[in-house]
Each structure stands twice: as structure tokens, then as C-alpha cells.
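S.K.: The sequence shown: position 53 = 183 (the working numbering), numbered continuously.
Don't be surprised by glycine CBs; every beta carbon is placed ideally from N, CA and C.
Quick one: the structure is below, questions incoming.
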Amino acid sequence: MAINYATEYVSKKYNLPIESLRTEEPTYNFSHGTYMTKVRNTKAQESYLINVKITSNGDMQRIEEYSKNPVRE
Numbered sequence: 131m132a133i134n135y136a137t138e139y140v141s142k143k144y145n146l147p148i149e150s151l152r153t154e155e156p157t158y159n160f161s162h163g164t165y166m167t168k169v170r171n172t173k174a175q176e177s178y179l180i181n182v183k184i185t186s187n188g189d190m191q192r193i194e195e196y197s198k199n200p201v202r203e
């Protein structure tokens with residue numbers, strides 16, 4: 131679920147086609163209760179660092195973004 135939410139968020143916010151985005155498997159941060167996800171734009175060699183908080187029933191509660199997105203690779 132976190133992968134889908136992060137990919138859709140980056141696609142909409144930065145006006146990028148989903149086909150050009152690759153999302154890594156997220157890691158769970160127990161202290162914040164969020165999934166830390168890296169979304170890569172394969173065409174521009176940029177990454178977007180996204181934290182997704184998901185409720186117990188699978189709905190997205192909030193998305194937080196690294197302040198320096200996008201990050202050049």
C-alpha cells in the first residue's frame with residue numbers, strides 16, 4: 131500500500147508519468163509509525179524520499195516529504 135500511495139503522490143505533485151517511476155520496497159519506522167519510501171524517476175535520475183503513514187484498515191493517513199526533494203543521484 132505504501133508503495134502505491136508514494137508513487138501516486140510523486141506522480142501527481144511533480145507531474146510525472148507513473149511509467150517513469152520506480153519505487154523501492156519501503157522500510158517501516160516504528161518510532162513514527164511510517165513507511166519510508168524512495169521513489170526514483172528513471173528518466174531524470176532523481177529520487178523522492180516519501181514517508182507514508184497508513185491506518186490499520188489500509189487507508190493513507192498522511193504523507194510527508196523530504197524538504198530537499200528531488201534528490202539528484
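Compute the Euclidean distance between the alpha carbons of E155 and N145, then round it to the nearest angstrom.
M.R.: Going by the C-alpha atoms only, they are around 22 Å apart.
S.K.: Answer with buried or exposed for A174, where buried requires no fewer than 16 other C-beta atoms within 10 angstroms of its C-beta.
M.R.: With fewer than 16 Cβ atoms within 10 Å of its Cβ, A174 is classed as exposed.
S.K.: Would you mind working out which of V201, M190 and E195 sits nearest M131, comparing C-alpha positions?
M.R.: Per the Cα distances, M190.
S.K.: Kindly indicate which residue of I180, T185, G188 and R192 has the alpha-carbon position closest to the one of K198.
M.R.: Among I180, T185, G188 and R192, the Cα nearest to that of K198 belongs to I180.
S.K.: Who are the Cβ neighbours of E149 in its own chain at under 6 Å, not counting the five residues just before and after it?
M.R.: If we look at E149 and ignore the five residues flanking it on each side, it has no Cβ neighbours.
S.K.: Going by Cα to Cα distance, which pick from R152, P147 and K143 is closest to I133?
M.R.: The candidate whose alpha carbon is nearest that of I133 is R152.
S.K.: Might you give, ordered along the chain, the residues of its own chain that have their beta carbon closer than 8 Å to the beta carbon of T185, omitting 5 neighbours on each side?
M.R.: Closer than 8 Å at Cβ, skipping near neighbours: Q191.
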